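Chains as they are written, first to last, in numbering that gives the first Met the number 0: chain A, 0 to 299; chain B, 0 to 355. Okay, so here's the structure we're looking at.
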Amino acid sequence: MQDAIAVAGLTKRYGGLTAVDDVSFTVATGEFFGILGPNGAGKTTTLEMIEGLRQPDGGSVTLLGEQPSLRRRSLLMRIGVQLQGSAFFERLTAREQLSTVASLYGIGDSRVDEMLNVVGLGDKGADRVEKLSGGQRQRLAIASALVHDPEVVFLDEPTAALDPQARRNLWDLLQGLSDSGRTVVLTTHYLDEAEALCDRVAIMDRGRILELDSPAALVRQLNAPLRVSIAPQELSAEQAAALPGVDSVRLDAGALILTTRQPEVVLSRLAAEGRLAGLQVHGASLEDVFLDLTGREFRS
Amino acid sequence: MSRVRPPAVSLAMAMAKGFWRDRAAVFFAVIFPLMFLLLFGTLFSDGGTSRTSALQVGDVPLLDDAPPGARGVIAETIDVRRSDDLAAALGEIRQGDADAAVVQHGDSVQLYYSQADPVLASTVRGTFEAIVSSANIGASGQPPQYALEVETVEDETLSPVQYLTPGLLGWAIASGATFGAATSLLQWRTTGLLRRLRLAPVPAASVVTSRVGVSLGIALFQTAVFLATGMLVFGLELTGWWWLAFPLLIAGTLAFLSLGLLAGAVARTQEAAVAIANMVVLPMAFLSGSFFPLDGAPAWIRTVSQVLPLRHLNDGMLDVMVRGQGPTAVVLPLAVLLAFATVLTAVAALFFRWDT
Ligand SMILES: Nc1ncnc2c1ncn2[C@@H]1O[C@H](COP(=O)(O)OP(=O)(O)OP(=O)(O)O)[C@@H](O)[C@H]1O
Ligand SMILES: [Mg+2]
C-alpha cells in the first residue's frame, strides 16, 4: 500500500540553528507514528513542514501522494491538525467552537454533538472554552482536528501539561483513532506515551532522528540488563552478588536491585530460597534507549 | 443532514459572538462614546444662551429706571441680583459666583468684572456699554437713527447635539474598527488560531470578508444607538441626505480596519497593539474635531488635520447629517477614506506575519 507520508532529507534552518537536520522517514497508511524528543528537538518544525505550514530549506515531503500545499483544498480536507497549544475562538462555547470549525470543512452541526461525545465532552458543550480544564481543552482541540473525518491526523503534544490520570484518559481516545484505519502522527515528550501508543517511534534530538523502530524493538536492540528488586532484608548485598547470573547489585531507596541478563536463572534461585518479598522486575525502557543514544538523561 | 453555513458566515458569527460577550469591548465601542454624547450633550444643551449674572450694589437707576421695553431686553441677557456690600460683591466675582458688579454714583456707572474668562469679560463689557449707550440715546430724547436687525445663520440648526452626534459617532466608529481589528489579529496570531485557519480549506478572502462584515455590523449598531439617543434625548434633527452617512461609515470602517490591521501586524503583544491604537486614535479624534469644533484651533492644526481620515469622515457626516448638504459633500471624504484603506492595507500586508 502507498505510504501516507514520505519525508526525505528534510531540513530547516533558523539563522545559524539547524532545527531539522536531514530527516527521512515514511509513515504507512493506518500506522500510529510517534516523534519523541526533548524540548527544541525539532518535532513541531518537522510536523509543520509535513502539514505545509512551513517551507523546508531542503528535502522533500509527500503527503497522501501530493506535495503539501495550503492552497490545495482537496488535500486539506484529508488531513486533521491539532497544533501545539490549543487555538480557539475567544468566548465561544465548546459546541460553538466545534461548529465553527466544522462549517469551514462544509460539515453540519449534527456531526458536532457526535464528536463532542467521542472526545468525552458531551456534557461540556455549553461551556465556554475559557472555562474548560487543560485536558478538556486538549480534547476539544482533538475533536476540532477530527471533525471532518480526516485520513491523516497530526497531533502535536496532545497530552502536554496534563496530569497522569488525564493523560491516560486521553490515551484511550487516541488508541481508538488508529483502530478506524486512520494514520496518526503524534509528537510527545513522554516515553511511556510513545511506548503505549505508537507502532513506531522516531527518537529525535537536536534536529536529527537518532533511531526509528517499534518501541519493543528499540528496547530489545539495546540488550540492556533486567532489573530485579527485592526487599533489602531478604539478602545482604554480598550474598546477592554471589548468586549465579547476577551482574551487579545496588542498594537503593529501601530495595535491593540486582541487574541480570539471565533473569530465569536469578528468579528461579530466589524462588527456590524463598526470598521473593517485595519482588519487582523492570525491563529496559525507552528512557534507557535515549540515555544510550545520547549519553544524556531524557528530560522532557 | 443538518444545514451547513458558508465559512464566511460562521466565522463572522463566531467573531460577533466573541465581541458581544466581551463586556470591555462592547463598553469601549458603544457605551463609552455614548457616555460622551450624553455628557457633552447635557453640558452644552443651553450652549450660548446662558445669561450674565450681575450684582447690583445699592441703587442703580440705569437698571432700576430703565423703560419697560428695555427692562425686558436687559432681563434676557443679564440676571441681576442685589447686594449691599461692594466688597462682598467683588468677592463673589473672584469666586466666579457672579460675572460682574455694577455701582452707580450720580451719572457715573462703575462696572467691575473679572478678566479670567476673556469671552465672558467682553460679553459683560459689551452688554453694559450697550445699556449705557441706549440709555444715553433715550436721555437725548432723539429717536435712534440706526436700527440693528439680527438673524443667525446655520448656527440656528447646528446646536451642540447637532455638531456632537456626527463627530462622536465618527470617533466611535474609528476606535471600534481599529481596536477590533488590532486585538483580534493579535489574539488569532498569538494563540495559533491564524495558523489553524490556514490549515482549513477556506480561502483567506473568506476570513477577511467575515472580519469586515463584523466590523460593519458593529459600526451600524453604533450608528443606530447614536442616532436614537441623539433624537430621543436631545432632539437631534437629521437633514435630507442623512442616509449618505452610510456609505461614509462603510468607507470609514474599511479605513480604520486597515489601520487596526497595521497596528496588529506591527505589534508583538496585545498590550502593544492596544497602546499603538490608542496613541493614534485618541489624538486623531481631537485633531479631527470629534469632541469640539476646530474653528478656534490654530490654522496649522486645521491644515494638518486634513491628512487624518477621521477628519474627512467627520466632515462628510456633518455635511450630510446636519448641514443639509447633498451627494457632492461625500465625494471627497469617500475618496480619501478608500484611499487610506487601500494604502494602509498594503502597508499592513508588508508587516503581516502568520505566527509569532
Ligand atoms: N520560528 C522560529 N524561529 C526561530 N527559531 C525557531 C522557530 N521555531 C522553532 N525554532 C527553533 O527550532 C528548534 C526546534 O523547535 P521545535 O519547535 O520544532 O521543537 P520541538 O521539538 O517541537 O520542541 P517542544 O517540545 O518544546 O515543542 C528550537 O531550538 C527552536 O528554538
Ligand atoms: Mg513542539
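We treat Cβ as the ideally placed atom computed from N, Cα and C, and that holds for glycine. None of these values were measured; they are calculated from a predicted model.
Chain A residues whose Cβ lies nearer than 8 Å to that of residue i
{"i": "residue 375 of chain B", "result": "What is shown of chain B runs 0 to 355, which leaves residue 375 of chain B out entirely."}
{"i": "residue 25 of chain B", "result": "None at all; the shortest Cβ gap to chain A is about 12 Å."}
{"i": "residue 9 of chain B", "result": "98, 99, 102 and 103"}
{"i": "residue 244 of chain B", "result": "Correct list: empty, because the minimum Cβ distance to chain A is about 31 Å."}
{"i": "residue 356 of chain B", "result": "Outside the shown range of chain B, which is 0 to 355, sits residue 356 of chain B, and nothing can be said about it."}
Proximal residues of chain B, C-beta to C-beta of residue i below 7 Å
{"i": "residue 43 of chain A", "result": "Chain B residues near residue 43 of chain A: none, gap ~11 Å exceeds 7 Å."}
{"i": "residue 237 of chain A", "result": "The premise fails here: residue 237 of chain A is roughly 59 Å from chain B at the closest Cβ pair, so nothing lies under 7 Å."}
{"i": "residue 65 of chain A", "result": "Per Cβ cutoff of 7 Å: no residues; residue 65 of chain A is ~14 Å from chain B at best."}
{"i": "residue 286 of chain A", "result": "Here the premise fails: no neighbours, minimum Cβ distance about 30 Å."}
{"i": "residue 156 of chain A", "result": "Under the 7 Å cutoff, chain B gives no residues; its nearest Cβ is about 13 Å from residue 156 of chain A."}
Cβ distance (whole Å) where residue i is taken to contact residue j below 8 Å
{"i": "residue 91 of chain A", "j": "residue 111 of chain A", "result": "In fact, because the Cβ distance is near 12 Å, the residues do not count as touching under 8 Å."}
{"i": "residue 225 of chain B", "j": "residue 36 of chain B", "result": "6 Å"}
{"i": "residue 353 of chain B", "j": "residue 194 of chain B", "result": "6 Å"}
{"i": "residue 43 of chain A", "j": "residue 5 of chain A", "result": "Rounded, the Cβ-Cβ distance is 20 Å, inconsistent with contact."}
{"i": "residue 181 of chain A", "j": "residue 150 of chain A", "result": "6 Å"}
{"i": "residue 357 of chain B", "j": "residue 51 of chain B", "result": "Beyond the ends of chain B as shown, which are 0 and 355, falls residue 357 of chain B; an answer cannot be given."}
{"i": "residue 230 of chain A", "j": "residue 276 of chain A", "result": "4 Å"}
{"i": "residue 11 of chain A", "j": "residue 67 of chain A", "result": "The pair is not a contact, with the Cβ atoms about 14 Å apart (cut-off 8 Å)."}
{"i": "residue 185 of chain B", "j": "residue 269 of chain B", "result": "5 Å"}
{"i": "residue 193 of chain A", "j": "residue 35 of chain A", "result": "5 Å"}
{"i": "residue 10 of chain B", "j": "residue 214 of chain B", "result": "Actually they are not in contact, since the Cβ atoms of residue 10 of chain B and residue 214 of chain B sit about 13 Å apart, beyond 8 Å."}
Interface partners of residue i on chain B, CB under 8 Å
{"i": "residue 72 of chain A", "result": "200"}
{"i": "residue 80 of chain A", "result": "195 and 198"}
{"i": "residue 76 of chain A", "result": "200"}
{"i": "residue 17 of chain A", "result": "By Cβ distance, chain B contributes nothing, its closest Cβ being about 20 Å from residue 17 of chain A, past 8 Å."}
{"i": "residue 69 of chain A", "result": "197 and 198"}
{"i": "residue 129 of chain A", "result": "Here the premise fails: no neighbours, minimum Cβ distance about 10 Å."}
Residue i: contacting residues in chain A (beta-carbon distance under 7 Å)
{"i": "residue 3 of chain B", "result": "102, 105, 106 and 107"}
{"i": "residue 28 of chain B", "result": "Chain A residues near residue 28 of chain B: none, gap ~15 Å exceeds 7 Å."}
{"i": "residue 6 of chain B", "result": "102 and 103"}
{"i": "residue 340 of chain B", "result": "Simply none; closest approach about 25 Å."}
{"i": "residue 254 of chain B", "result": "Per Cβ cutoff of 7 Å: no residues; residue 254 of chain B is ~25 Å from chain A at best."}
{"i": "residue 223 of chain B", "result": "None at all; the shortest Cβ gap to chain A is about 23 Å."}
Proximal chain B residues relative to residue i, where beta-carbon distance stays under 9 Å
{"i": "residue 50 of chain A", "result": "198"}
{"i": "residue 150 of chain A", "result": "Neighbours of residue 150 of chain A on chain B: none; closest Cβ ~14 Å, over 9 Å."}
{"i": "residue 30 of chain A", "result": "Per Cβ cutoff of 9 Å: no residues; residue 30 of chain A is ~21 Å from chain B at best."}
Chain-ordered chain A contacts of residue i [CB-CB under 9 Å]
{"i": "residue 21 of chain B", "result": "89 and 90"}
Minimum Cβ-Cβ distance from residue i to chain D less than 8 Å
{"i": "residue 84 of chain A", "result": "Protein chains in the displayed structure are A and B, and chain D is not among them."}
Problem - Residues from the region 172-200 of chain B in contact with chain A, defined by Cβ distance under 7 Å - result: 186, 190, 191, 192, 194, 195, 197, 198, 199 and 200
Exercise for the section: With a floor of 4 residues, list each alpha helix (DSSP H) that falls wholly inside the region 291-330 of chain B, ordered by position along the chain. Expected result: 298-303 and 308-320
Handout entry: Contact shell at 7 Å, judged by CB to any heavy atom of ligand 2, ordered along the chain
Key = A/42, A/43, A/83, A/155, A/156 and A/186
Exercise for the section: With 7 Å as the C-beta to C-beta threshold (strictly closer), list the residues of the region 106-127 of chain A near chain B in chain order. Expected result: 106, 107, 108 and 109
Problem - Completely contained alpha helix (DSSP H) runs for the region 111-168 of chain A, where each covers 4 or more residues - result: 133-145
Practice task
Mind listing, in chain order, the continuous alpha helix (DSSP H) runs of no fewer than 4 residues lying wholly within the region 246-286 of chain B?
Solution key: 269-286
Exercise for the section: With 9 Å as the C-beta to C-beta threshold (strictly closer), list the residues of the region 263-295 of chain B near chain A in chain order. Expected result: Here the close residues number zero.
Problem - Residues of the region 179-196 of chain A with Cβ closer than 7 Å to any Cβ of chain B, in chain order - result: Result list empty, no residue passes.
Practice task
Could you name each continuous alpha helix (DSSP H) segment of 4 residues or more that falls completely within the region 184-258 of chain A, going from the start of the chain to the end?
Solution key: 190-196, 214-221 and 236-241
Exercise for the section: Quick one: which unbroken beta strand (DSSP E) runs of 3-plus residues sit fully inside the region 74-133 of chain B? Chain order, please. Expected result: 77-82, 99-104 and 107-112
Practice task
Report the residues of the region 249-275 of chain A with a CB closer than 7 Å to any CB of chain B, ordered along the chain.
Solution key: none
Practice task
Closer than 8 Å, Cβ to Cβ, to anything on chain B: give me those residues from the region 198-228 of chain A, in chain order.
Solution key: none
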